[in-house]
Structures are given as C-alpha cells and as structure tokens.
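Asks: Mapping to our numbering: the sequence shown position 293 is 294, numbers consecutive.
The beta carbon of each residue, even a glycine, is placed where N, CA and C say it ideally should be.
Attaching a single structure in structure tokens format; questions to follow.
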Amino acid sequence: MTQTLSAFSRLSWYPFSERPVIASKWYMPALGDPFFLFPEESPDGKWHLFGHSWIGLEHFISENGISWEPRKMVCFRGRSPSLFEEDGRWYLLYEKHDPDLPVFGKKRRAKREKKISRSRFEMAASDDLLTFEEPVVILDSAEIPLAADGLAHPRVSRPQIIKVGEVYRLYYGISHRMMIDTAQKGSRHFGMATSTTLLGPYVPYNGGEPLLSADADDRWRSMAVGSIRVIAIEDGFVGLQCAYGWDAEKGKSVSHLIQLESVDGIEWKTVARRPLLSSPAQGWASSYIVSCDVNYKASEACWYCYYSANRRINRILAPESIGLLLGKEPALRRLTV
C-alpha cells in the first residue's frame, strides 16, 4: 500500500470490536495514552503496548494484538509513554510531574516542600523493553513558554520523537484546559522542540510558539487541541488528533478523532473528511476519545490504531479503556470483510 497523504486520506476506518481490547479494572480504573509495537519491530517477536494508569506506566504483552497480558509497572508516576528506536536500543519517553500524595503528619509536610513536582519529559533506555536504565530529563516545562497558560503550575504532556534528517523532533502537548461541564482535561496547545542529539538539549521551536492551539472558530478544536500522534510517511506527515469542541446541539463538550496533514511537520491543516472516530451514544467510550497511537502493518496492508476513550460517571470518576480501530483502503476492506 502506498503511504502518501492522499492515500491515507482515502482509508476506510472501522472498529475491530464494540468492546475494548484492554478494559479498565477496579485497581486500574483509567488506562490511557497507548503506544504499541508490532512483533516485527520488537526485540522478542511479540506485541508490546505501553500506557499509563493513575499509578504510572503500565506494560502489556500480546501474542496477537487482541488479547493482552499485563507485565509490570515500568515507572511510578510516569504518564503518556512513547518509544523511539535507534541503533538497536529502545528509548522510553514519558512525562512526569510527581504530584504530591496526601500529607500525613509533620514529616510529610516538611518533605513536601522539597519534592520536585514540576512537569518534565524523561527518557530511559532499554535493550529488551523489559529492563530500563535510569532515566534522564530531556526537557523541563519551565523551558517551554505557555506551559503554565491558564494553570497555576506549568504542565506538558504526550511527548514523542521523530527523526527528520539529522534533527530529532520532540512533539508534545502544552498546558491543558478543563472542560467546564465535565472536568475532562485536554491539551491547550501542541508544540515542538528540536535537538541534534537524541538526549538533547532540546530547544523549543520558533521561540516556543505552538504549532497548533485551541481555536474558538474551529469546528473540532474550539475547546482544546487534545492529543496528537504524529507519523512520518512518504510525502509528509499525518497527525491523528483527539480534538475537543463544543456541541451546541447537544449542549456539551465532545471529542473526535480527526486527521491532520502536513508537508513539513510544522504547518498543519485539518483534512476535510468525517472524523475517523466519534464517541458512541452509550457504552465504555461514550464520553471522550482521549488519545491514540497508529502504525502500519505491511503484511496485512492495514493501519492499526489503538485508542483510549472514557465514560465519565461524574466529575471525578471516568473509567478509561483501550480500543482498536483498523484502517484499510476501501477496495481491500471489501475483499476482507
């Protein structure tokens, strides 16, 4: 299958199942921000998926990409994982901000003042995806303008690295906005930093000006940019965006998985097509489409898109699970359905 901007725009997308492939549990009520590897990419020939719960980064392994088994907690307090491979080594990238736990007693209060709580991006290397070296900080939110836009403390999220020529591009979410009707959070801006070495230092692009921001006049992202997963293809870049907007007819905030495209990975535009995925009227994904990861499986001529979505019970409880969306050329889909 040709991997071009025009070919990607012609893909037909459909859910693998009405049920999640990894459902939330009582001890893991919210599982989000999936990032996955096919067996042909991984060091052990198995499917790997990383995501985060309220506790930290979770690692799952599968034989078929459908039935997943939890392996272990990778990083306490880590969020929004992604992976980058170079020279046979894997680099796990994530956001961490060490939010304070409830304070019990004077000793805890004293330690609380010394605790590092600022949002930052860390990276940890591995040869097998099972054990990881000590992480290093590659970018601190204090270095990113607008990271505290609308917030008391700076916050960044959802880092991912793409190498373009000899330059490493670090894409990420900047700050966040809380939906007024549900307290759901979504990134206000989408930005990029660059470096000539993998471990940095990374410098925010164009003085820290966002590549995209929430736009009151935009049909899809009038409330928040949300998460964006960037992939490089033959003639440019595709971004899958979980954008937040306001549905005047329904009188509530909503999110949709939409397609962006760019020739250079800097100037982005929304592709004029229906959303790839919208929240159903009921069920486990009925509130918001929150995040996603996408990759192409050549042996099946199919794009796999694992996504997280939730069903908000109230302003505090929102069980979040991971589903699977498949993308094929329309002609190929007719042959395989």
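(1) Using the three-state DSSP reduction, which class does P205 fall into: helix, strand or coil?
(2) By the 10 Å Cβ neighbour count, where 16 or more other Cβ atoms means buried, how is E235 classified, buried or exposed?
(3) By Cβ distance, which residues of its chain are closer than 7 Å to S81, with the 5 residues on each side in sequence left out?
(4) Which of the three DSSP states is assigned to E96 in this structure?
(5) So, for L212: in the same chain, excluding its five sequence neighbours on each side, which residues have a beta-carbon less than 7 Å away from its beta-carbon?
(6) So, for P44: in the same chain, excluding its five sequence neighbours on each side, which residues have a beta-carbon less than 8 Å away from its beta-carbon?
(7) Thinking C-alpha only, which one of M179, N207 and V22 is nearest I145?
(8) Using a Cβ-Cβ cut-off of 6 Å (strictly less than) and excluding sequence neighbours within five positions of Q185, which residues of its own chain qualify?
(9) According to the Cβ coordinates, are L258 and Y305 closer than 8 Å?
(10) Specify the secondary structure class of F85 as computed by DSSP and reduced to three states.
(11) Relative to the C-alpha of D99, which candidate in A282, L152, R156 and P71 has its C-alpha closest?
(12) Using the C-alpha atoms, what's the distance from S279 back to V204?
(13) So, helix, strand or coil for F9, using DSSP?
(14) Is the Cβ-Cβ distance between A153 and S176 less than 8 Å?
(15) Buried or exposed: where does K329 fall if 16 or more other Cβ atoms within 10 Å of its Cβ makes it buried?
(16) Do G201 and M224 have their C-beta atoms within less than 8 Å of each other?
(17) Just the Cα atoms here: how many angstroms apart are F17 and C303?
(18) Is it the case that the Cβ atoms of S228 and S287 are separated by a distance below 8 Å?
(19) Using 10 angstroms around the beta-carbon of G89, count the other beta-carbons present and answer buried if the total reaches 16, otherwise exposed.
(20) Between which two residues does the beta strand (DSSP E) holding L304 run?
(21) Could you name the residues that DSSP lists as bridge partners for T198?
(22) How about G201: is its Cβ closer than 7 Å to a heavy atom in the ligand HEM?
(23) So, are the CB atoms of F9 and V231 less than 8 Å apart?
(24) Distance check for E262 and E167, CA to CA, integer angstroms please.
(25) Which of the three DSSP states is assigned to K115 in this structure?
(26) Have a look at I56 and S118 and give me their C-alpha separation to the nearest angstrom.
(27) What separation, rounded to the nearest whole angstrom, lies between the Cα atoms of E250 and F37?
(28) Would you mind stating whether R313 and G284 have Cβ atoms separated by less than 8 Å?
(29) Pick out whichever of P281, W221 and W247 has its Cα sitting closest to the Cα of R274.
(30) Where does I162 land, buried or exposed, given buried means 16+ other C-beta within 10 angstroms?
(31) Shorter than 8 Å from the beta carbon of A184 to some beta carbon of chain C?
(32) Starting from the Cα of A143, find the closest Cα among A125, A310, G209 and R189 and give me that residue.
(33) Tell me, to the nearest whole angstrom, how far the beta carbon of L277 is from that of W14; I am working on the premise that it is less than 8 Å.
(34) State the CB to CB distance for the pair P71 and G324, rounded to an integer number of angstroms; the pair is presumed to be in contact (CB under 8 Å).
(35) Beta strand (DSSP E) containing Y28: first to last residue?
Replies: Working from what's here:
(1) strand
(2) exposed
(3) Sequence-distant Cβ neighbours of S81 in its own chain, meaning closer than 7 Å and more than five residues away, are D34, H53, Y95, E96, S158, R159 and P160.
(4) strand
(5) F191, G192, M193, I267 and W269
(6) W91, D128, D129 and L130
(7) It is N207.
(8) Y289
(9) No, these two residues do not count as a Cβ contact at 8 Å.
(10) strand
(11) R156
(12) The straight-line gap from Cα to Cα measures roughly 35 Å.
(13) helix
(14) no
(15) Burial state of K329 is buried, judged by a 10 Å Cβ sphere holding 16 or more other Cβ atoms.
(16) no
(17) Using only the alpha carbons, I get a separation of about 12 Å.
(18) no
(19) Residue environment for G89: exposed (fewer than 16 other C-beta atoms within 10 angstroms of its C-beta).
(20) Before going further, note that residue 304 is Trp rather than Leu in the sequence given. It spans C303 to N311 - the beta strand (DSSP E) in which W304 sits, taken as one unbroken run.
(21) Answer is none; T198 lacks a bridge partner.
(22) The model depicted lacks the ligand HEM and carries no ligand whatsoever.
(23) no
(24) Distance between the alpha carbons of E167 and E262: 22 Å.
(25) Per-residue confidence for K115 stands at a pLDDT of 47, beneath the threshold of 50, marking its modelled position as unreliable; the derived number appears in the next sentence. Helix, per DSSP.
(26) 15 Å
(27) 36 Å
(28) no
(29) W221
(30) buried
(31) This model lacks chain C altogether; it includes just one protein chain.
(32) G209
(33) 5 Å
(34) In this structure P71 does not touch G324 by the C-beta definition: roughly 17 Å separates them, more than the 8 Å allowed.
(35) For Y28, there is no enclosing beta strand (DSSP E), as DSSP marks it with neither H nor E.
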